[in-house]
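Residue numbers (my numbering): 4 to 591.
As structure tokens, the structure follows; a few thoughts come after it.
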Amino acid sequence: ATPFSRYLAGAWRPGSPILQRPIKILAAIAAPDDLAALGMAEIDPIAEVDALLEAVQGLDVEVTIFPALPADQVLPAAWQQRVRMAESAAWSLPALEAELRRGANILHLVAHGAFDESSGHGFLVFADEQNHATTVEDTQVAELAARLLAGGASELDARLRLVFLAACESATRAATDVFRGVAPALVRAGVPAVLAMQTEIEIATSRAFTTAFYRALLEHGTVDLAANQARSMLLAGERPDAAAPVVFMRLNDGRLLGRRGQVLGDQADSFWSTLLGNIAAGECTPFLGPGATAGLLPTPAEQAQNLAAEFNYPFEAAVDLPRVAQFVGTTDNRRLRMAVQRMAVAGFNERLGLPAAPDDGRQPLERVLAALDWSALRRQVFESDLYSMLAELGLPLYITTNADNFMELALRERAGAEAVRSLAVDWRTPVQPGAARPHFDFDPPINAQQPAVLHLYGTGADPLSVVLTEDDHLDYLARIARDYEYLLPTSVQSALASTTLLFLGYQLEDLDLKVILRGLLTKLDLERWGMLHVAVQLEDTPDDPAKQKELVQYLQRYFSKSKIDVYWGSTQQFVADLYARWQEYRHD
Numbered sequence: 004a005t006p007f008s009r010y011l012a013g014a015w016r017p018g019s020p021i022l023q024r025p026i027k028i029l030a031a032i033a034a035p036d037d038l039a040a041l042g043m044a045e046i047d048p049i050a051e052v053d054a055l056l057e058a059v060q061g062l063d064v065e066v067t068i069f070p071a072l073p074a075d076q077v078l079p080a081a082w083q084q085r086v087r088m089a090e091s092a093a094w095s096l097p098a099l100e101a102e103l104r105r106g107a108n109i110l111h112l113v114a115h116g117a118f119d120e121s122s123g124h125g126f127l128v129f130a131d132e133q134n135h136a137t138t139v140e141d142t143q144v145a146e147l148a149a150r151l152l153a154g155g156a157s158e159l160d161a162r163l164r165l166v167f168l169a170a171c172e173s174a175t176r177a178a179t180d181v182f183r184g185v186a187p188a189l190v191r192a193g194v195p196a197v198l199a200m201q202t203e204i205e206i207a208t209s210r211a212f213t214t215a216f217y218r219a220l221l222e223h224g225t226v227d228l229a230a231n232q233a234r235s236m237l238l239a240g241e242r243p244d245a246a247a248p249v250v251f252m253r254l255n256d257g258r259l260l261g262r263r264g265q266v267l268g269d270q271a272d273s274f275w276s277t278l279l280g281n282i283a284a285g286e287c288t289p290f291l292g293p294g295a296t297a298g299l300l301p302t303p304a305e306q307a308q309n310l311a312a313e314f315n316y317p318f319e320a321a322v323d324l325p326r327v328a329q330f331v332g333t334t335d336n337r338r339l340r341m342a343v344q345r346m347a348v349a350g351f352n353e354r355l356g357l358p359a360a361p362d363d364g365r366q367p368l369e370r371v372l373a374a375l376d377w378s379a380l381r382r383q384v385f386e387s388d389l390y391s392m393l394a395e396l397g398l399p400l401y402i403t404t405n406a407d408n409f410m411e412l413a414l415r416e417r418a419g420a421e422a423v424r425s426l427a428v429d430w431r432t433p434v435q436p437g438a439a440r441p442h443f444d445f446d447p448p449i450n451a452q453q454p455a456v457l458h459l460y461g462t463g464a465d466p467l468s469v470v471l472t473e474d475d476h477l478d479y480l481a482r483i484a485r486d487y488e489y490l491l492p493t494s495v496q497s498a499l500a501s502t503t504l505l506f507l508g509y510q511l512e513d514l515d516l517k518v519i520l521r522g523l524l525t526k527l528d529l530e531r532w533g534m535l536h537v538a539v540q541l542e543d544t545p546d547d548p549a550k551q552k553e554l555v556q557y558l559q560r561y562f563s564k565s566k567i568d569v570y571w572g573s574t575q576q577f578v579a580d581l582y583a584r585w586q587e588y589r590h591d
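Written as structure tokens, this is what we have:
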């Protein structure tokens, strides 16, 4: 958090970045007739609407104006398809709530506001049905938000994500508590982010900030970054009230808006309907790679760099984890694994702002999570996370090449601790000569109510089991190709052959992925079943369109050999997209 961006912890309803376009903005303008009699500046609804429309001109948004403007008011011709009037022509809290329930991603609220030092509450000046001024305390506004988010629009993409309080002193707070006022009350009620003014602000400054903020937000979707960029513009113009806007948020990463990725391949038109249908039938198996832990653990490249620095790696390009681990492991394999475990715990604590481990990270991450009560902490820190969204799909089997147990924890929260099974592939124990092929499986068999997580490359609970070095990957490749039927439960073998496979969190150069494609999947007749298979890929995109096209074509050619289609986007982008579509699919 910064003086202009304040993160507030606390329990709240999960959500995910808005992917649909246009973004829906409800412009609510409280302009009672008697403001002048109360010593307040009058608010001109027409001027405020014009200013907002000018600020978002050319952006992919749809604006609803509340209360409805007079029928004879002429709007710009270009906006007739993107602007609509609210159903109510009079201001009231129930009417505002009703309009928000029809679906709004952003509430742009223009009103006077202040902070009452004697009561310790912020308030806004709204209007009653006769358009006379009436004050509304922060508690009333927060209650409205809580009701709305508890039972608002059924579609996730229609839920409220941001409240822009274009009101003087709407973020003002008592000297002893910087988090008192309307804005923090809204955030504590569950609104993901609120932008407000902590001091009085000139109209010219407010409008310049609004334009810059919305343009930045629609470009990249991150609310605190957009506010900082807009504030920098004000500072460059030497505006004295540039410090007035401040962001309060419940978002750990500030992501309000997202974008859908692109489906490549011949099945693009039927991609989502096929995938959702297979998920509904329980015929889908996710594979989780290193990218699934983004925001939680160090990346493989970061781990490689840390190991290289600690163990004096003598070669260049110290970002290849299996290669750097190979160097370290040739000297002391056990020390290598303890170092990786320690770095994982340290990286986790750093990313979540937790104190350093008192035992220097000797505890495995699994025990650290248990001691923290990860389920409760996750709800406080993250609005939504990849593992919880995947757990909501209700699939029988999840496969991970990561050593962590995040997937198990998410499934236990959904299905109950006793229902979830976990198994690590024992790839190190050799098969005895002449041994018969064992027939072993989960008991009872895996199903949506009793799901299982298969750790393909070992688990952090047994550091020596983790596939880490180059030699580990080569040994594993040879072993899985030779002893596939000995190593995997029969239901896992069946799922691999007859369900949609989702490869999440891998890059093309990852050895983890190549071992799966060249060792595990070559044993399967994927074409026989005709199932859809998906690899999510987002490489470093070249600026040159011609080179980008070549990269996309290369990815398609590479994965087509394994009968796998490509989704061009990040892992988090794909899972958020899938989750939003799954919620819509279930409600249809």
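We put the CB at the ideal spot given by N, CA and C, even for glycine.
Quiz item: Near Asn281, which residues of its chain fall below 6 angstroms by C-beta distance, leaving aside the five closest residues on each side in sequence?
Solution: Closer than 6 angstroms at Cβ, skipping near neighbours: Cys287, Thr503.
Exercise. Quick one: grab the DSSP three-state call for Gly332.
Key: DSSP places Gly332 in helix when its eight states are reduced to three.
Exercise. Using 10 angstroms around the beta-carbon of Pro1, count the other beta-carbons present and answer buried if the total reaches 16, otherwise exposed.
Key: Given that the chain is displayed from residue 4 to residue 591, the structure contains no residue 1 and the question cannot be resolved.
Quiz item: Quick one: what's got a C-beta closer than 7 angstroms to Gly298's C-beta in the same chain, skipping five residues either side?
Solution: Asp256, Arg354
Exercise. Kindly list the residues whose CB is nearer than 8 angstroms to the CB of Trp585, restricted to its own chain and excluding five residues on each side of it in sequence; keep chain order.
Key: Leu279, Ile282, Glu395, Leu396
Quiz prompt | Given 8 angstroms, three or more beta-carbon pairs between the stretch 194–207 and the stretch 241–248 | solution = yes
Quiz item: On the three-pair Cβ rule with 8 angstroms, is the stretch 367–383 touching the stretch 319–331?
Solution: For the pair of segments examined, the stretch 367–383 was found not to touch the stretch 319–331: the number of CB pairs separated by less than 8 angstroms stays below three.
Quiz item: Measuring CB to CB, does Val569 end up less than 8 angstroms from Ala538?
Solution: yes
Quiz item: What does DSSP give as the partner residues of His111 in its beta bridges?
Solution: Ala30, Phe167
Quiz item: When we look at the beta-carbon of Gly193 and count the other beta-carbons within 10 Å, is it buried (16 or more) or exposed?
Solution: buried
Quiz item: Straight-line CA distance for Ala74 to Asp244?
Solution: Computed Cα separation, rounded: 36 angstroms.
Quiz prompt | Alpha-carbon spacing of Ser378 relative to Ala239, whole angstroms | solution = 44 angstroms
Self-check item: Buried versus exposed, by CB contacts within 10 Å (16 or more), Gly13
Solution: Interpretation of Gly13 is limited by its pLDDT of 45, a score under 50 that renders its predicted location unreliable; the figure taken from the coordinates is listed afterwards. Exposed.
Quiz item: What number of angstroms, rounded off, separates the C-alpha of Ala156 from the C-alpha of Ile26?
Solution: Only weak support exists for where Ala156 lies, its pLDDT of 45 falling under 50; the value from the coordinates is given anyway. Roughly 14 angstroms between the two C-alpha positions.
Exercise. Just the C-alpha distance for Leu400 and Ala455, rounded to the nearest angstrom, thanks.
Key: 5 angstroms
Practice problem: Return helix, strand or coil for Thr175, following the three-state DSSP convention. | Solution: Below a pLDDT of 50, predicted positions are generally treated as unreliable, and Thr175, at 40, falls in that range; the measurement from the model is reported next regardless. It is coil, neither helix nor strand.
Practice problem: Rank Leu467, Leu165, Gly184, Ala211 by C-alpha distance to the C-alpha of Val226 and give the top, closest one. | Solution: Leu165
Quiz prompt | Proximity of Gly597 and Gly116 at Cβ, strictly below 8 angstroms | solution = With the chain covering only 4 through 591, there is no way to say anything about residue 597.
Self-check item: Start and end residues, beta strand (DSSP E) containing Met200
Solution: 196–200
Self-check item: CA-to-CA distance, Leu72 to Ile49, given in whole angstroms
Solution: 8 angstroms
Quiz item: Are the beta-carbon atoms belonging to Leu300 and Gly350 less than 8 angstroms from one another?
Solution: Yes, these two residues count as a Cβ contact at 8 angstroms.
Quiz item: So, using beta-carbon positions, are Gln265 and Gly572 closer together than 8 angstroms?
Solution: yes
Practice problem: Rank Glu140, Val113, Asn134, Val66 by C-alpha distance to the C-alpha of Arg105 and give the top, closest one. | Solution: Answer by Cα proximity: Val66.
Quiz item: So Arg424 and Ser468 are in contact, right, with Cβ under 8 angstroms, and what is the actual spacing, rounded?
Solution: So it is not a contact: roughly 17 angstroms between Cβ atoms.
Quiz prompt | Assigned secondary structure, Ala473 (DSSP; H/G/I helix, E/B strand, else coil) | solution = Position check: residue 473 holds Glu in this sequence, whereas Ala was assumed. DSSP places Glu473 in helix when its eight states are reduced to three.
Self-check item: 8 angstroms Cβ cutoff met for Ile46 and Ile32
Solution: yes
Quiz item: Over what stretch of residues does the alpha helix (DSSP H) that includes Thr493 continue unbroken?
Solution: Start and end: 493–501.
Quiz prompt | Ala413 versus Asp429: straight-line alpha-carbon distance, rounded | solution = 24 angstroms
Exercise. Assign Ser276 to one of two classes, buried (16 or more other C-beta atoms within 10 Å of its C-beta) or exposed (fewer than that).
Key: exposed
Practice problem: Return the chain-ordered list of same chain residues with a C-beta closer than 8 angstroms to the C-beta of Thr179, the five sequence neighbours on each side being excluded. | Solution: Residue placement at Thr179 cannot be trusted, given a pLDDT of 32 that sits under 50; what the coordinates show is reported in the next sentence. Contacts found: none.
Quiz prompt | Inter-residue spacing [alpha-carbon to alpha-carbon] between Asp478 and Leu291 | solution = C-alpha separation (whole angstroms): 21 angstroms.
Practice problem: For Gly42, count neighbouring C-beta atoms within 10 Å of its own C-beta (all shown protein chains included) and say buried if the count is 16 or more, exposed if not. | Solution: exposed
Practice problem: Would you kindly work out how many angstroms separate the C-alpha atoms of Val470 and Leu491, rounded to a whole number? | Solution: 16 angstroms
Exercise. Look at the alpha carbon of Val343 and the alpha carbon of Asp475, and state the distance between them as a whole number of angstroms.
Key: 15 angstroms
Exercise. Pull up the DSSP beta-bridge partners for Pro248, would you.
Key: Met200
Practice problem: Pull up the distance between the alpha-carbon of Arg365 and that of Leu310, whole angstroms please. | Solution: 16 angstroms
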